[in-house]
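*Asks:* Below is the structure I would like to discuss, written out as structure tokens.
Residue numbers (my numbering): 1 to 394.
Written out as structure tokens, the structure reads:
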């Protein structure tokens, strides 16, 4: 009897371990997600774009709000010496924050985020002021640098379990004035960078041999990532099937979500103000469902769950019709979060720790990190309501 129980336990353990590494199952444990924005990716250091050092108490507070994963946007190249070696003190600080998250029971997405544009801009254009195509020598040099950085990072985190996921880039060729009409032209280069990232991490062995890795679509645009003419596809993976995810971002409609002064304020017909020029005219209810449905069909259903690595909308302070705007914020977050989850996409809200609405300009801030309080309850309400109503697809 004892031997039989031991065998059953061993079989269960092996089955659970194998299942936990499957990308679709793992993604279903990660929603909703939260971004430690404007922090480790800041060019001047952790508190140069926001003033609050990251602590275990902060991460525990994030967990208490119902978030189950944290995306850590992170720069690396700007923290390297002349030989390309990452500053050990920087590596240690990143590792400490990753440990905060895992200790709190959260999943972690760690990326290389913009990072001065060394690859996300200059890997696709020789100039940051006007589009000038890169040649093969530049592409090869960027691949070598990308592999070197990710080899260093992956070795540091090689023994971490499935709570840690690695994401190669952030928003490749997203800069609108340079690249908005060149996605088809540049996607073949992106495919090479994504492949280089996967190859570099896998080559470090240990748990990295099967760790879930995340690759970015063109400009992290749903439209381009799902457009057959653009030609995006996932890289080959030595680990086999079920170990990759794809990342896109969602800020639609941009004039409601991101435009600062003069942006749209009212989302959804029942929240429109009569004859107001600030009513949204596109991207309203029905649009998120259509967008995420395309991602589900082309990626989730093919074994690649989707990370919505960033999504958010500016919460504004208005003189009139504040209640309609607040309700619009709740409705937008509820609908986007709900439709994302229903279609196999992990929504990870963008949060920059700037608890000042700046009037009509607005801010994408939910948590006031200095006081450990909720700054924008309307956004959090929408997220929490959606999570309660959503179910992960099988």
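A virtual CB, placed ideally from N, CA and C, is assigned to each residue, including glycine.
#1: Residue 92 lies in the alpha helix (DSSP H); which residues open and close that run?
#2: Distance check for residue 62 and residue 30, CA to CA, integer angstroms please.
#3: For a test of the three-state rule: what should DSSP assign to residue 157, helix, strand or coil?
#4: How big is the Cα-Cα spacing for residue 341 and residue 387?
#5: Do you know offhand how far residue 102's Cα is from residue 166's?
#6: Could you tell me the distance, in whole angstroms, from the CA atom of residue 260 to the CA atom of residue 39?
#7: Just how far apart, CA to CA, sit residue 359 and residue 155?
#8: With distances taken Cα to Cα, identify the nearest neighbour of residue 336 among 289, 279 and 84.
#9: Excluding the 5 residues flanking residue 123 on each side, which residues of the same chain have their C-beta closer than 6 Å to its C-beta?
#10: Between the segment 229-238 and the segment 173-185, do three or more beta carbon pairs fall short of 8 Å?
#11: Does the distance from the C-beta atom of residue 78 to that of residue 97 stay below 8 Å?
#12: Can you list, in chain order, the residues of its chain with a C-beta nearer than 8 Å to that of residue 378? Leave out the 5 residues immediately preceding and following it.
#13: Can you tell me the Cα-Cα spacing of residue 238 and residue 191, whole angstroms?
#14: CA-CA distance, residue 357 and residue 199?
#15: Please go through the same chain and pick out, in chain order, the residues whose beta-carbon is closer than 6 Å to the beta-carbon of residue 109, but skip the five residues on each side of it.
#16: If I measure Cβ to Cβ from residue 350 and keep anything under 6 Å in the same chain, skipping five residues before and after, which residues do I get?
#17: Pull up the DSSP beta-bridge partners for residue 33, would you.
#18: Apart from the five residues just before and just after residue 338, which ones in its own chain have a Cβ nearer than 7 Å to its Cβ?
#19: Helix or strand or just coil, what does DSSP make of residue 279?
#20: To the nearest angstrom, report how far apart residue 224 and residue 161 are at their CA atoms.
#21: In three-state terms, what does DSSP make of residue 394?
#22: Does the pairing of the segment 257-277 with the segment 296-310 give three or more beta-carbon distances under 8 Å?
#23: DSSP on residue 373, reduced to helix/strand/coil?
#24: Using a 10 Å radius around the Cβ and a threshold of 16 neighbouring Cβ atoms, would you call residue 132 buried or exposed?
#25: Tell me the DSSP bridge mates of residue 114?
#26: DSSP state of residue 365, grouped into three classes?
#27: So, using beta-carbon positions, are residue 206 and residue 148 closer together than 8 Å?
#28: Determine, using beta carbons only, whether residue 52 and residue 370 come nearer to each other than 8 Å.
#29: Determine whether the beta carbon atoms of residue 344 and residue 285 lie at a separation below 8 Å.
#30: Please report how far the alpha carbon of residue 95 lies from the alpha carbon of residue 76, in whole angstroms.
#31: Sorted by chain position, which residues of the same chain lie with C-beta nearer than 7 Å to residue 5's C-beta, five sequence neighbours on each side aside?
#32: Pull the bridge partners of residue 133 from the DSSP assignment, please.
*Replies:* Working from what's here:
#1: Looking at the DSSP string, the run of the alpha helix (DSSP H) that includes residue 92 is 88-103.
#2: Cα to Cα, residue 30 sits roughly 13 Å from residue 62.
#3: Residue 157 falls in the coil class under three-state DSSP.
#4: So the two alpha carbons sit approximately 8 Å from each other.
#5: Rounded to whole angstroms, residue 102 and residue 166 show a C-alpha spacing of 14 Å.
#6: Take the alpha-carbon of residue 260 and the one of residue 39: they are about 21 Å apart.
#7: The alpha-carbon atoms of residue 359 and residue 155 are separated by roughly 46 Å.
#8: Out of 289, 279 and 84, 289 has the C-alpha closest to the C-alpha of residue 336.
#9: Exclusion of the five residues before and after residue 123 leaves 142 as the residues of its chain whose Cβ lies within less than 6 Å of its Cβ.
#10: Contact holds: three or more Cβ-Cβ distances are below 8 Å.
#11: 8 Å or more divides the Cβ of residue 78 from the Cβ of residue 97.
#12: A distance below 8 Å between beta-carbons, with the five flanking residues on each side excluded, links residue 378 to the following residues of its chain, in chain order: 315, 326, 327, 329, 330 and 333.
#13: So the two alpha carbons sit approximately 16 Å from each other.
#14: For residue 357 and residue 199, the distance between alpha carbons rounds to 43 Å.
#15: Sequence-distant partners of residue 109 (beyond 5 residues in either direction) whose C-beta falls short of 6 Å from its own C-beta, in its chain, are 71, 165 and 167.
#16: Cβ neighbours of residue 350 beyond the five flanking positions: 35, 37, 310, 312 and 364.
#17: For residue 33, which the question treats as bridged, DSSP gives the partners 69 and 348.
#18: 386, 389 and 390, listed in sequence order.
#19: In the structure shown, the three-state DSSP call for residue 279 is strand.
#20: So the two alpha carbons sit approximately 33 Å from each other.
#21: Coil at residue 394, not helix or strand.
#22: The segment 257-277, when compared against the segment 296-310, does not touch it at the 8 Å Cβ threshold.
#23: Here residue 373 sits in strand by DSSP.
#24: Exposed.
#25: According to DSSP, residue 114 bridges with nothing at all.
#26: DSSP places residue 365 in coil when its eight states are reduced to three.
#27: The answer is no: Cβ separation not under 8 Å.
#28: Taking 8 Å as the Cβ cut-off, residue 52 and residue 370 qualify as a contacting pair.
#29: Their beta carbons are not under 8 Å apart, which means residue 344 does not touch residue 285 by this criterion.
#30: Rounded to the nearest angstrom, the two C-alpha atoms are 13 Å apart.
#31: Summary for residue 5: the model assigns pLDDT 41, below 50, so the residue's position carries little reliability, and this model does not support an answer.
#32: Its beta-bridge partners are 125.
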